[in-house]
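Heads up: the structure comes next, in structure tokens.
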Amino acid sequence: MLLAKILFRNAFHNKLRSSLTILGIAVAILAFGLLRTVISSFYAGVEAASASRLVTRNAISIIFPLPISYAGKIHQVEGVKTVSWGNWFGGIYIDEKNFFPNFCVEPVTYFSLYPEFVLDEKQKKDFLLDRKGAVVGRKLAAKYKWKIGDTITLKGTIYPGNWDFVLRGIYRGRDQTVDETQFFFQWTYLNEAVKKIAPVFADKAGFFMIGVNRPDIAADTAVRIDAIFKNSLAETLTETEKAFNLGFLAMAEAIVTAIQMVSFVIILIIMAVVANTMAMTTRERTGDYAIMKTLGFGAKDITLLIFGEALVLTMTGTFIGASLTFPAARIFAAELSTYFPIFLVSRTTLYLDLVAALLMAFSAAIIPARHAVRIRIADGLRRIG
Amino acid sequence: MTEQTKPIVEIRNLYKSYQRESLVVPVLFDITFDIAAGEFLALMGPSGSGKTTLLNLIAGIDRADSGSIHVGDIDITTLTETELAAWRANSVGFIFQFYNLIPVLQAVENVELPLHLTVLTKKQRREHAQMALSMVGLAHRMDHYPGEMSGGEQQRVAIARAIVTDPTILVADEPTGDLDRVSAEEILSMMERLNRDMGKTIIMVTHDPRAAARARILRHLDKGYLNDAVGQNPL
Ligand SMILES: Nc1ncnc2c1ncn2[C@@H]1O[C@H](COP(=O)(O)OP(=O)(O)O)[C@@H](O)[C@H]1O
Ligand SMILES: [Mg+2]
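Top to bottom, those sequences are chains A and B. Just so we're aligned, residue 1 is where the first sequence starts under this note's numbering, counting upward by one. Just so we're aligned, residue 1 is where the second sequence starts under this note's numbering, counting upward by one.
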């Protein structure tokens, strides 16, 4: 009790120094938290991927499509439950900077493969009945203030011309980790149009989305699918949705690694700052520790005083920084939803904050504590005056 | 009768040197003397003569090279660090030149500090501390922090802290060294009363003749040697 009283008061005794140190820790933890969140938002798609979904694409490259006739053959493969397909449309809404993912999909099967996209039954029916219908995520609709029944025009990049869609449904995510910024429309709408303009490109799918019976057979099923198209004109590459999404991140990996390093460097820097603060305060308190030892207090008590003081500082700063991470992340998410559709402060980030706080305190206290314990009382007392 | 005349402190053939880098600096040479129970001893000598070193050895906060120091029935040179710490907590009250109060603790909390190593309850600790503070005339400054008090007042708080555990001996290292004349006189009178009225054994290091005049016995250290002459002040 007494020691707790002393160490708390010690921690805040030099108000300016304590405030600056705590501010530094808070800012570092905030920056650390935001960077960690950026990293996890990179992997949000991978994390959200289902282990019982496979993606089949052209073995040469994702930019080459596959014949739609493959769907039936894939369906025959043992372990396959559902087969859907779609194409990356790559349309632009008014301006290029308004980026959001837009696909055409085979709607019935696609939505049955993605139970995490929650869509009202009535809206789903309307969507299926309207050849030009579109379904978009809640966040996307909110961003452009689209309402059911609105006509939305996308400018085609891969498929030239202006394409009109009628908004028939707005899905929401089953939970916070689901991307609510996607735009879906009917594959047949695109296919019929392509048939008219460029028949050779018709009846093709950019990818097949496959649901398997159980996650544990996913790998084997993927091998069996690729086996049937071996030596055909368009060989396939089938992988789990997770692996597929990871593939898209390969290019960003270097950036992610860099961010990761910066986030740890920030912690290293603040560790040095806290260590400096503790070195200064414990040096000033050499006489205090000496007098306590004189009165009969032991090494354990002195150690506790110093570690405790460091912990009070780092925990206070970390608490403030971690608390600020949430509103900061919300602002971030709102501003950058185009790039980071999922921007959530994860539990892991908070645990890492805590670990950082403990590390900071430990590394800052260890040397002063050793010194204060080891210094002979007579020498400690001589330092006063 | 022999029990009564047995000294409270017996120092025999005490040697002490410091290690300064590779150099061994001898500081105390063959110190032998006794301090009677209830004595008020002033240890005098020029700066650097080894007064503080000797006091620290007697008070168990430093180690001698050789020789023995009996305080009561215990030869403190044979104690382990932990035993020594417990012994100090029980048997020695400390008064320093620069008061050495904990700045973040109020006067009463500073006085309570050594009581945290005893079995006293929180309430008892507070009562003891308040009593000690009233003995030094500072009952009304209980909740003041050291920074809010004058040097003289801080030294009185330090005296209260030194006597609150009712130790066997009180050691004081230049207790008036940092004080103005008036405050110094006050502190010395207080120590005199502790010795005369409460029978406290006091060992005081000083190079101030005015302070030494308040003690009953004077001993002189010179370059690490204890002068055989024993001065005696009239009561
Ligand atoms: N920790 C130490 N290391 C080296 N020398 C010391 C140390 N402490 C004291 N000394 C030396 O021992 C001598 C006696 O010091 P001290 O006991 O403080 O004298 P006094 O209190 O009489 O002024 C001095 O020469 C001082 O420099
Ligand atoms: Mg001295």
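From the three backbone atoms N, C-alpha and C, an ideal C-beta is built for every residue, glycine too.
Review point. Taking the alpha-carbon positions, what's the A:E96 to A:G317 distance?
Key: Position 96 of the first sequence, counted from the start, is the residue given in the question as residue 96 of chain A. Position 317 of the first sequence, counted from the start, is the residue given in the question as residue 317 of chain A. Computed Cα separation, rounded: 41 Å.
Check your understanding: By how many angstroms is the C-alpha of A:L350 removed from the C-alpha of A:E309?
Key -> For the purposes of this step, residue 309 of chain A is taken as residue 309 along the first sequence, with counting starting at 1. For the purposes of this step, residue 350 of chain A is taken as residue 350 along the first sequence, with counting starting at 1. Rounded to the nearest angstrom, the two C-alpha atoms are 22 Å apart.
Exercise for review: Scan the region 58–133 of chain A and note each continuous beta strand (DSSP E) run of 3 residues or more that stays entirely inside, going in chain order.
Suggested key: Runs of the beta strand (DSSP E) inside the region 58–133 of chain A: 80–88 and 102–105.
Review point. Counting Cβ pairs, one atom from each stretch, are 3 or more of them under 8 Å apart for the region 141–152 of chain A and the region 70–84 of chain A?
Key: no
Practice item. Taking only beta-carbon positions, decide if B:F94 is within less than 8 Å of chain A. Key: Working through the second sequence from its first residue, we reach residue 94 of chain B at position 94. Judged by the 8 Å Cβ criterion, B:F94 is in contact with chain A.
Practice item. Using a threshold of 8 Å, state whether the C-beta atoms of A:R131 and A:Y171 are closer than that. Key: One-based indexing of the first sequence puts residue 131 of chain A at position 131. One-based indexing of the first sequence puts residue 171 of chain A at position 171. The answer is no: Cβ separation not under 8 Å.
Check your understanding: What does a CB cutoff of less than 8 Å around B:F33 pick up in its chain, not counting 5 residues either side in sequence?
Key -> Residue mapping note: residue 33 of chain B aligns to position 33 of the second sequence, counting from 1. Once the five neighbours on either side are set aside, the close Cβ partners of B:F33 are I11, R219 and L226.
Practice item. Have a look at A:F264 and A:I6 and give me their C-alpha separation to the nearest angstrom. Key: Indexing the first sequence from 1 puts residue 264 of chain A at position 264. Indexing the first sequence from 1 puts residue 6 of chain A at position 6. Their backbone Cα atoms lie some 32 Å apart in a straight line.
Review point. Is the closest heavy atom of ligand 2 to the C-beta of A:T294 under 7 Å?
Key: On the first sequence, position 294 is the one that residue 294 of chain A refers to. Result no, Cβ not under 7 Å from ligand 2.
Practice item. Grab me the residues of A:H75's own chain with a C-beta within less than 7 Å of its C-beta, minus the 5 sequence neighbours each way, in chain order. Key: As a working mapping, residue 75 of chain A is identified with position 75 in the first sequence. Excluding positions up to five away in sequence, the list reads V83.
Review point. Going along chain B, which residues have a C-beta under 7 Å from A:R9?
Key: For the purposes of this step, residue 9 of chain A is taken as residue 9 along the first sequence, with counting starting at 1. Chain B residues near A:R9: V104.
**Study point:** Contacts that B:I203 makes with chain A (C-beta to C-beta distance below 9 Å)
**Key:** The residue you call residue 203 of chain B lines up with position 203 of the second sequence. Within 9 Å Cβ-Cβ: nothing; B:I203 doesn't reach chain A, min ~15 Å.
**Study point:** Interfacial residues, the region 113–133 of chain B to chain A, with Cβ spacing under 9 Å
**Key:** L113, P114, H116, L117 and K122
Check your understanding: Quick one, are the C-beta atoms of A:T294 and A:I367 less than 8 Å apart?
Key -> Numbered from 1 along the first sequence, position 294 holds the residue referred to as residue 294 of chain A. Numbered from 1 along the first sequence, position 367 holds the residue referred to as residue 367 of chain A. Their beta carbons are not under 8 Å apart, which means A:T294 does not touch A:I367 by this criterion.
Check your understanding: Cβ of A:S41 within 7 Å of any heavy atom in ligand 1?
Key -> Looking up residue 41 of chain A in the first sequence gives position 41. Not under cutoff, so the answer is no.
**Study point:** B:I163 beta carbon less than 8 Å from that of B:A132
**Key:** Looking up residue 132 of chain B in the second sequence gives position 132. Looking up residue 163 of chain B in the second sequence gives position 163. In this structure, B:I163 lies closer than 8 Å to B:A132 by Cβ.
Point to revise | B:A229 at chain A interface by Cβ criterion, 8 Å | key: Here residue 229 of chain B corresponds to residue number 229 of the second sequence, with the count starting at 1. Not an interface residue.
Review point. Along chain B, which residues have their Cβ under 8 Å away from the Cβ of A:H418?
Key: This structure cannot speak to residue 418 of chain A, because chain A is shown only from 1 to 385.
Review point. Do A:G321 and A:L119 have their C-beta atoms within less than 8 Å of each other?
Key: Locating residue 321 of chain A in the first sequence gives position 321, counting from the first residue. Locating residue 119 of chain A in the first sequence gives position 119, counting from the first residue. Not in contact: A:G321 and A:L119 (Cβ atoms no closer than 8 Å).
Check your understanding: So what's B:V27 in DSSP terms, helix, strand or just coil?
Key -> Residue numbering aside, residue 27 of chain B sits at position 27 when the second sequence is read from its first letter. Annotated three-state conformation of B:V27 is strand, per DSSP.
Check your understanding: By DSSP, does B:G93 sit in helix, in strand, or in coil?
Key -> Within the second sequence, residue 93 of chain B is the residue found at index 93, counting from 1. Strand at B:G93.
Review point. Leaving out the 5 sequence neighbours to the left and right, which residues in its chain are closer than 8 Å to B:G50 when beta-carbon positions are compared?
Key: Start at 1 with the first residue of the second sequence, and residue 50 of chain B comes out as number 50. Cβ within range, chain order: K16, V27, L28, L221, K223 and G224.
**Study point:** Length at least 4, wholly inside the region 70–153 of chain B: the alpha helix (DSSP H) runs in chain order
**Key:** 81–91, 107–112 and 122–135
Point to revise | Three or more C-beta pairs below 8 Å linking the region 74–83 of chain B and the region 101–116 of chain B | key: no
**Study point:** Cβ pair count under 8 Å reaching 3, the region 338–352 of chain A against the region 40–58 of chain A
**Key:** Yes, they touch.
Review point. For ligand 1, any of its heavy atoms closer than 7 Å to the Cβ of A:D379?
Key: As a working mapping, residue 379 of chain A is identified with position 379 in the first sequence. A:D379: yes, Cβ under 7 Å from ligand 1.
Review point. Under a CB-based cut-off of 8 Å, is A:D179 close to chain B?
Key: By one-based count along the first sequence, residue 179 of chain A stands at place 179. False, the Cβ-Cβ gap to chain B never drops below 8 Å.
Exercise for review: Starting from the beta carbon of B:A86, find every residue of chain A whose beta carbon is closer than 9 Å, and list them in chain order.
Suggested key: Along the second sequence, read from residue 1 onward, the residue named residue 86 of chain B stands at position 86. The answer, in chain order, is G296.
Point to revise | Check whether A:V262 and A:L35 have beta carbons under 8 Å apart | key: The residue labelled residue 262 of chain A in the question sits at position 262 within the first sequence. The residue labelled residue 35 of chain A in the question sits at position 35 within the first sequence. Yes, Cβ-Cβ distance for A:V262 and A:L35 is below 8 Å.
Review point. Hey, does A:L381 have any beta-carbon neighbour from chain B nearer than 8 Å?
Key: What you label residue 381 of chain A is simply residue 381 of the first sequence in a count that begins at 1. Taking Cβ atoms only, chain B reaches closer than 8 Å to A:L381, which makes this a yes.
**Study point:** Span of the alpha helix (DSSP H) around B:A42
**Key:** Your numbering for residue 42 of chain B matches position 42 in the second sequence. Segment F40 to M44 is the beta strand (DSSP E) holding B:A42; no alpha helix (DSSP H) there.
Review point. Should A:G308 be flagged as near chain B, meaning a C-beta pair shorter than 8 Å?
Key: Here residue 308 of chain A is taken as the residue at index 308 of the first sequence, counted from 1. False, the Cβ-Cβ gap to chain B never drops below 8 Å.
Check your understanding: What's the gap between the Cα of A:I94 and the Cα of A:L140?
Key -> Translated into the one-based positions of the first sequence, residue 94 of chain A becomes position 94. Translated into the one-based positions of the first sequence, residue 140 of chain A becomes position 140. Near 14 Å, if we compare the C-alpha coordinates of A:L140 and A:I94.
Practice item. Go through the residues and name those whose CB comes closer than 6 Å to any heavy atom of ligand 1, in chain order. Key: A:D379, B:Y18, B:R20, B:V25, B:V27, B:G45, B:S47, B:G48, B:S49, B:G50, B:K51, B:T52 and B:T53
Review point. Relative to the alpha-carbon of B:I8, which residue among B:L41, B:R20 and B:E21 has its alpha-carbon at the smallest distance?
Key: Residue mapping note: residue 8 of chain B aligns to position 8 of the second sequence, counting from 1. Residue B:L41 is the option with its Cα nearest to B:I8.
Exercise for review: From the DSSP output, read off the bridge partner residues of B:L226.
Suggested key: Here residue 226 of chain B corresponds to residue number 226 of the second sequence, with the count starting at 1. Beta-bridge pairing links B:L226 to B:L221.
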